[in-house]
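Chains A and B are the protein sequences, given in the same order. Take 21 as the starting number for the first sequence in my numbering and just add one per residue. Take 6 as the starting number for the second sequence in my numbering and just add one per residue. The block underneath contains the structure these notes are about, expressed in structure tokens.
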Amino acid sequence: MPKISFVDAINLAISHSMRKDKKMICYGLGATDPKSIFGTTKFLEKDFGKKRIFDVPTSENALTGVSIGLALNGIRSVVSHQRLDFFLLAFDQLINSAAKWYYMFGAKKPVPITIRLIIGRGWGQGPTHSQSLQSIFAHIPGLKVVMPSSPQNAYYLLKDSIFDPNPVVFLEHRWLHNLKSNVSYKKSNKLSGSKVVKKGKDLTIITMSWAVHDVLDVSKRLNKEGIDIEVIDLSVIKPIFWKNIFASIKKTGRLLVIDTGAYTGSISSEIISEISINYSSRLKTPPIKIAMPDFPEPTSYGLTKNFYFDKLEIIKNIKKILKIKKTLQIEKNIKLPTHHDVPGEWFTGPF
Amino acid sequence: MNNKTLLSMYKKMQFFRIVEETIAARYHENKMRCPVHLAIGQEAISAAFSQVAQKGDYVMSSHRAHLHYLAKGGSLNSMISELYGKENGCSLGKGGSMHLIDLKVNFMGSTAIVGNTIPISAGIAMASKIKKEKSMTFVFFGDGAIEEGVFYETVNFAIVKELPIVFVCENNFYSVYSPLKPRQPKDRKIFKMVEAMGIKSFKADGNQIKKCYRTFSDAKKYVDSKKKPVFLEFETYRHLEHCGPNNDDNLNYRGSKEILRWKKKDPIINFEKELIKKKLLNKKKIYLEKNKIKKIVNTAFFKAEKSSFPNQKEAYRNLYA
Ligand SMILES: Cc1ncc(C[n+]2csc(CCOP(=O)(O)OP(=O)(O)O)c2C)c(N)n1
Ligand SMILES: [Mg+2]
Numbered sequence: 021m022p023k024i025s026f027v028d029a030i031n032l033a034i035s036h037s038m039r040k041d042k043k044m045i046c047y048g049l050g051a052t053d054p055k056s057i058f059g060t061t062k063f064l065e066k067d068f069g070k071k072r073i074f075d076v077p078t079s080e081n082a083l084t085g086v087s088i089g090l091a092l093n094g095i096r097s098v099v100s101h102q103r104l105d106f107f108l109l110a111f112d113q114l115i116n117s118a119a120k121w122y123y124m125f126g127a128k129k130p131v132p133i134t135i136r137l138i139i140g141r142g143w144g145q146g147p148t149h150s151q152s153l154q155s156i157f158a159h160i161p162g163l164k165v166v167m168p169s170s171p172q173n174a175y176y177l178l179k180d181s182i183f184d185p186n187p188v189v190f191l192e193h194r195w196l197h198n199l200k201s202n203v204s205y206k207k208s209n210k211l212s213g214s215k216v217v218k219k220g221k222d223l224t225i226i227t228m229s230w231a232v233h234d235v236l237d238v239s240k241r242l243n244k245e246g247i248d249i250e251v252i253d254l255s256v257i258k259p260i261f262w263k264n265i266f267a268s269i270k271k272t273g274r275l276l277v278i279d280t281g282a283y284t285g286s287i288s289s290e291i292i293s294e295i296s297i298n299y300s301s302r303l304k305t306p307p308i309k310i311a312m313p314d315f316p317e318p319t320s321y322g323l324t325k326n327f328y329f330d331k332l333e334i335i336k337n338i339k340k341i342l343k344i345k346k347t348l349q350i351e352k353n354i355k356l357p358t359h360h361d362v363p364g365e366w367f368t369g370p371f
Numbered sequence: 006m007n008n009k010t011l012l013s014m015y016k017k018m019q020f021f022r023i024v025e026e027t028i029a030a031r032y033h034e035n036k037m038r039c040p041v042h043l044a045i046g047q048e049a050i051s052a053a054f055s056q057v058a059q060k061g062d063y064v065m066s067s068h069r070a071h072l073h074y075l076a077k078g079g080s081l082n083s084m085i086s087e088l089y090g091k092e093n094g095c096s097l098g099k100g101g102s103m104h105l106i107d108l109k110v111n112f113m114g115s116t117a118i119v120g121n122t123i124p125i126s127a128g129i130a131m132a133s134k135i136k137k138e139k140s141m142t143f144v145f146f147g148d149g150a151i152e153e154g155v156f157y158e159t160v161n162f163a164i165v166k167e168l169p170i171v172f173v174c175e176n177n178f179y180s181v182y183s184p185l186k187p188r189q190p191k192d193r194k195i196f197k198m199v200e201a202m203g204i205k206s207f208k209a210d211g212n213q214i215k216k217c218y219r220t221f222s223d224a225k226k227y228v229d230s231k232k233k234p235v236f237l238e239f240e241t242y243r244h245l246e247h248c249g250p251n252n253d254d255n256l257n258y259r260g261s262k263e264i265l266r267w268k269k270k271d272p273i274i275n276f277e278k279e280l281i282k283k284k285l286l287n288k289k290k291i292y293l294e295k296n297k298i299k300k301i302v303n304t305a306f307f308k309a310e311k312s313s314f315p316n317q318k319e320a321y322r323n324l325y326a
């Protein structure tokens, strides 16, 4: 298994899909420019030619409609946007057409399109370059919503999204881009989510995207202190794959949901609601939700300092739900990043 | 144009460039932690505008807004503090470089989503009309914004409603790294296309400040007398990368000949030569003027750096009015 970056995994998933479906096309602002959407579309022009991958005008709504039309006439497409926020201009085509087409016309024509949206964070991305709106997309019947967290699942989830017969909104967190791990190039399957990424019996943590890494790190280290956490990486936000979630709750009886979106009306609210309706008798303690504040992300370094939850916040809530009073080893040893607004030294802005 | 106007336009351009160059030079200190879109090379348009705009006129802009804000008289100190994310920033540190505002001078806001402020400006113009104000609204955007549906929807509406608005397109031939070729038809004249919608349109070389000045003056007169909207296209060129402090000519998305051609058309250098010939300027005067500006700019940076970050609680305030 080769060790590759998240960016390369996205790139290969597109490339392998274009090889598999000889008619498939790929476009987006900057798709063939020297930076090739943070490297995710590099080499594709060389490999597939200008007819199958191209740069486009700044016309998000129209180009979403175009992808629907392409799909209706037999051409699959992947459309990429460097920020989720830019795509908000396309809500008409996405919600009124793409999401409903198959249903509204009596199951005549599916709309297989994949819309890649990159979520920014930190370095003053601010109110209109950092929105994590997965719950808005998930609210729309007819859309599928995917959030990968690693090179491996980015690879297969993107392929599964591309070959899914429905419109898929594929949300990539910018901070994941430089992560590297071993990836096996699996064949595409039916899109599915809620993977148990760490087994445990004391507490179920359900999370997504960038947050998976903080949760996994904390959970693995807590094993040494006798705390055994099960971690579920949601990865497909809509439809939610409940089976693993329910099974985990039956086992642990405790639920902590950690969400990268705003607190109110979030996917985490949905999960907690569903568990309360169906499994409240199994819960040993009330569930806890960690999510982003119900405020836009401010730009200033000073204002974002505690805006995002960090590992300490996660540990605090784990202790709360497990009713642990004593100071844990991990709290003494935890290393928080020097700058809260970057994923690592490699990131120095501006975008 | 009298000598006073010529000189003050020159000084404005120098001021703009020194501000942007100082941002570029100090960005690497990693203290201005937000995306910045500098307008080095495009100064003539804003400098000319600064001479024509009246106090009561309204202005809005896009991501590349520093010069439009300063041209309308927006506070330099508040802008630099905003870039540093400080509590005395013009948006209290919430917005950064891409969200500038100074209501004292009717700079109503600049935003980061392409095309976003175009219809908002039409609303501001409509309100001035309803309130029978004498003022008009100027909205600045790039060639990329012409590709958004909302641009056409707004121009159409402004024509129908006869709004006192001036649409100002700074065509620098690029949207990020993308040239016009994959985005718009070859040989399109943006101002001609827009004119065909039924709006008075002007085009000028955006690197020749006297032409920019005349164009803004004509536009202003037209809106004043005819009570109808106007569209302006200025051709110009940015010297640095799309976003950030560096030169990115190494990426080769712009041909070296093209870059050279435009560097020769540097709006400041050429105008400076002209004013030297006219004896309005000499080496010493230039030196003194630049020094004066540098002092002002450095003070703004010094103050911004010294200022405090907002209290973290401010992040959770002022969501609703
Ligand atoms: C709706 C939307 N799409 C894409 C972007 C990304 N973006 C930011 S600036 C920019 C360039 C726009 O080009 P132009 O309007 O010509 O302005 P310039 O940068 O050249 O001044 C783009 C595409 C955005 N901010 N908003
Ligand atoms: Mg441009």
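Heads up, the beta-carbon is just placed ideally off N, CA and C, and yes, glycines get one too. From a predicted model like this one, the values you see are computed outputs, not experimental measurements.
The three-state secondary structure of L223 (chain A), taken from DSSP, is strand. Screening all residues for a C-beta within a distance smaller than 6 Å of any heavy atom in ligand 2 leaves B:G147, B:D148, B:G149, B:N177, B:Y179, B:S180, in chain order. Excluding the 5 residues flanking it on each side, R219 (chain B) has no same chain C-beta neighbour closer than 7 Å. According to the DSSP assignment, L276 (chain A) belongs to no alpha helix (DSSP H) but to the beta strand (DSSP E) extending over 275 to 282.
Within the same chain, and ignoring the five residues on either side of M202 (chain B) in sequence, the residues whose Cβ sits closer than 6 Å to its Cβ are V160. Distance between P370 (chain A) and C39 (chain B), taken at the CA atoms: about 6 Å. By the Cβ rule, the stretch 252 to 260 of chain A does not count as touching the stretch 132 to 145 of chain A, because fewer than three pairs are nearer than 8 Å. Within 7 Å of the C-beta of R193 (chain B) there is not a single heavy atom belonging to ligand 1. Within the same chain, Cβ atoms closer than 6 Å to the Cβ of Y283 (chain A) are found at A311, D314, the five residues on either side in sequence being excluded. Within chain A, no C-beta atom comes less than 8 Å from the C-beta of N176 (chain B); the nearest is roughly 13 Å away. Between H159 (chain A) and K336 (chain A), the alpha-carbon positions lie close to 30 Å from each other. Between M131 (chain B) and chain A, the shortest Cβ-Cβ separation is not below 8 Å. Within the DSSP secondary-structure output, I310 (chain A) pairs in a beta bridge with A:I278. Using a cutoff of 7 Å, the CB of E175 (chain B) counts as near ligand 1, since one of the ligand's heavy atoms is closer than that. Of the heavy atoms belonging to ligand 1, none sits nearer than 7 Å to the Cβ of L75 (chain B). Relative to the non-hydrogen atoms of ligand 1, the Cβ of E80 (chain A) comes within a distance shorter than 7 Å of at least one.
Using a CB distance below 9 Å, the part of the stretch 149 to 175 of chain B facing chain A consists of G149, A150, I151, E152, E153, G154, V155, ordered along the chain.
Interface residue (Cβ-Cβ distance to chain B less than 8 Å): P363 (chain A) is not classified as such. The alpha carbon of G94 (chain A) has as its nearest neighbour, out of A:L196, A:I45, A:D222, the alpha carbon of A:I45. Nearest CB-CB separation between V217 (chain A) and chain B: not below the 8 Å threshold. Taking the C-beta atoms as reference points, V144 (chain B) is found nearer than 8 Å to F172 (chain B).
Within the stretch 318 to 333 of chain A, those residues whose Cβ lies closer than 8 Å to any Cβ of chain B are, in chain order, P318, T319, S320, Y321, G322, L323, T324, K325, N326, F327. A direct Cα-Cα distance of roughly 45 Å separates S289 (chain A) from L185 (chain B). Judged by DSSP secondary structure, I287 (chain A) falls within the alpha helix (DSSP H) whose first and last residues are 287 to 299.
Setting aside the 5 residues that flank it on each side, A209 (chain B) is surrounded in the same chain by K216, C217, T220, F239, each with a C-beta closer than 7 Å to its C-beta; the list follows chain order.
The three-state reading of DSSP puts T84 (chain A) in helix, counting H, G and I together. Look at M103 (chain B): its C-beta is under 8 Å from a C-beta on chain A. Legend: CB atoms of the stretch 145 to 160 of chain A lying less than 9 Å from CB atoms of chain B belong to residues Q145, G146, P147, T148, H149. Where E192 (chain A) is concerned, the enclosing beta strand (DSSP E) starts and stops at 188 to 193. Look at I28 (chain B) here: in three-state DSSP terms it is helix. In this chain, I50 (chain B) is not harboured by any beta strand (DSSP E); it is covered by the alpha helix (DSSP H) spanning 48 to 57. Within the same chain, H68, M103 come within 6 Å of A117 (chain B) by CB-CB distance, once the 5 residues on both sides are set aside. Counting every other CB atom within 10 Å of its CB across the protein chains shown gives D192 (chain B) a total below 16, marking it as exposed. For G149 (chain B), the secondary structure class from DSSP, reduced to helix, strand or coil, is helix. DSSP places M38 (chain A) in the uninterrupted alpha helix (DSSP H) bounded by 26 to 40. For L168 (chain B), the secondary structure class from DSSP, reduced to helix, strand or coil, is coil.
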